[in-house]
Amino acid sequence: MDIKMKWFYRLAFLLLLFIVLFIFFKLQPFWHPVLTTVLKALFPFAVAAFIAYLLYPLIRYLQKNGLPKALSVLIIYLLFFGGAGVAIYKGLPALLDQLKELSANAPYVMEQYENWVSAVERNTKTWPDGFKEEIDQGFAAVNETVERLAEKTLSFFFWIVDSFIILTLIPFIAFFMIKDMEVIQKAFWSVVPEKWKDPLKNFFAEVDRSLGGYIRGQLIVCTLIGGLSSLLFWWIKMKYPLILGLIVGVTNVIPYFGPIIGAVPAVVIAATVSFRMAVYVVLILFILQFLEGNIISPYVVGKSVDLHPLFIILSILIGEEAGGVLGLVLAVPIVAILKTALLELRRQMKGKERAG
232 MDIKMKWFYR LAFLLLLFIV LFIFFKLQPF WHPVLTTVLK ALFPFAVAAF
282 IAYLLYPLIR YLQKNGLPKA LSVLIIYLLF FGGAGVAIYK GLPALLDQLK
332 ELSANAPYVM EQYENWVSAV ERNTKTWPDG FKEEIDQGFA AVNETVERLA
382 EKTLSFFFWI VDSFIILTLI PFIAFFMIKD MEVIQKAFWS VVPEKWKDPL
432 KNFFAEVDRS LGGYIRGQLI VCTLIGGLSS LLFWWIKMKY PLILGLIVGV
482 TNVIPYFGPI IGAVPAVVIA ATVSFRMAVY VVLILFILQF LEGNIISPYV
532 VGKSVDLHPL FIILSILIGE EAGGVLGLVL AVPIVAILKT ALLELRRQMK
582 GKERAG
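438 is the number that this note's numbering gives to position 207 of the sequence shown; each next residue is one higher, with no gaps.
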């Protein structure tokens, strides 16, 4: 009877959850505008908190080696934001020039790409029908992917430009978060009910253990891959090396699909220049991915987030539909956090069952 009641409560909970979610999505026209405004206001705080989370272990390391906290904060803060400021000051004008040139040449690039696709289709007419159909479907899928990602990437860049004033607050918010990290932590734990403190501490510790190193490592890897891509694209005199290198670096954080997504724009633009340029770009990206998969990532990132490949693929697909480019990047970390939360919840429930 006791087991039957437990299953009854679980099924009732799932039914109630389904009803709540159904009502929640039905009321989307009412809460979505409010949620969008709130999220836009909270965005700089979320980014600042993320930066503080990345930098705080370095500050703790300097403190353990004898440096005062104020000096540790100042050194790490100046190194991070000073380096970012120099990179933006030196790179942003060139990046904007390349964006302007790419926007002006976009019709020509698309025309050249279509001509290249037509030439490939003409040269494959004599191939077996089944194989030719596979090639045609592959080109159609590439075209659809390029158009969708280009639209979402441009909207993401426009959103960044539109939010420039808000984004300038991030360094100041991050500084105060880093400086007063202990105060913030004490204030947070002071409002958490006593019975939830240990479960939440276990949850945060597990998230930091499994995800913290992964995120920091991925940022280093993406910076290296993006920088090397831009440098090598510039070396072979490829057009728009900064933009294409940035796309390769950012998309590299996406498991499985990232390198393919990042390679498509570079290969498409290279194909409009010459077949030789396209081969060079493919070789560069192949070599970089080989180095990243076999040398850089195992050394820098180490352990993965311990998710099954099917869950990773599913989370990426859902993230792309829900949040576009940003959703692709954040999908795996969010799923990893949810998995940790569910495991901690199950552990707490088992503990209560044993105690009961």
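Heads up, the beta-carbon is just placed ideally off N, CA and C, and yes, glycines get one too.
Where does Val504 sit, in a helix, a strand or coil, going by DSSP? helix
Among Leu273, Leu516 and Ala418, which one has its Cα closest to the Cα of Ile491? Leu516
Would you give the residue range spanned by the alpha helix (DSSP H) that Gly219 belongs to? Lying before the first or after the last residue shown, residue 219 is absent from the chain, which here runs from 232 to 587.
Can you list, in chain order, the residues of its chain with a C-beta nearer than 6 Å to that of Ile307? Leave out the 5 residues immediately preceding and following it. Leu286, Leu289 and Ile290
Suppose contacts are defined by Cβ-Cβ distances below 8 Å. Is Phe464 in contact with Leu477 by that definition? no
Three-way DSSP call (helix, strand, coil) for Thr268 in this model: helix
DSSP on Val423, reduced to helix/strand/coil? coil
Kindly give me the distance between the Cβ atoms of Ile415 and Met408, rounded to whole angstroms, as I take these residues to be in contact under 8 Å. 7 Å
For Met469, three-class secondary structure by DSSP: coil
Go ahead and label Ser505 buried or exposed: buried means 16 or more other beta carbons lie within 10 angstroms of its beta carbon, across all protein chains shown. exposed
Does Leu473 pass the burial test, meaning 16 or more other C-beta atoms within 10 Å, or should it be called exposed? buried
Gln259: buried (16+ other C-beta within 10 angstroms of its C-beta) or exposed? exposed
Environment of Ser546 [buried if 16+ CB atoms lie within 10 Å]: buried
Between Ala405 and Ile526, is the Cβ-Cβ spacing less than 8 Å? no
Could you give the DSSP three-state label for Phe249: helix, strand or coil? helix
Buried or exposed: where does Phe296 fall if 16 or more other Cβ atoms within 10 Å of its Cβ makes it buried? A small correction: the amino acid at residue 296 is Asn; Phe does not occupy that position in the sequence shown. With fewer than 16 other Cβ atoms within 10 Å, it is exposed.
Cβ-based neighbour list, Ala280, same chain, cut-off 7 Å, excluding 5 preceding and 5 following: Met408
How long is the line joining the alpha carbons of Met232 and Ile451, rounded to whole angstroms? Interpretation of Met232 is limited by its pLDDT of 48, a score under 50 that renders its predicted location unreliable; the figure taken from the coordinates is listed afterwards. About 55 Å.
Okay, do the segment 416–429 and the segment 440–455 touch, 3+ Cβ pairs below 8 Å being the bar? no
Applying the criterion that 16 or more other CB atoms from any shown protein chain within 10 Å of the CB defines a buried residue, is Lys468 buried or exposed? exposed
Between which two residues does the alpha helix (DSSP H) harbouring Phe488 extend? Here Phe488 belongs to no alpha helix (DSSP H), and DSSP marks it neither H nor E.
Neighbour-count burial assignment, Tyr511, 16 or more Cβ in a 10 Å radius: buried
Assuming Leu519 and Ile446 are in contact, meaning their beta carbons sit under 8 Å apart, how far apart are those beta carbons, in whole angstroms? Not confirmed; about 21 Å, so no contact.
What does the Cβ neighbour count give for Leu576, buried or exposed, with the cut at 16 atoms within 10 Å? exposed
Could you check which residue in Val304, Ala497 and Arg440 has the C-alpha nearest to that of Asp411? Val304
N-terminal and C-terminal residue of the alpha helix (DSSP H) that Ile401 is part of: Ile401 to Lys410
Kindly indicate which three-state DSSP category Tyr483 falls into: helix, strand or coil? This sequence places Asn at residue 483; Tyr is not what is there. In the structure shown, Asn483 sits in coil (DSSP, three-state: anything other than H, G, I, E or B).
Can you tell me which of the three DSSP states Leu398 falls into? helix
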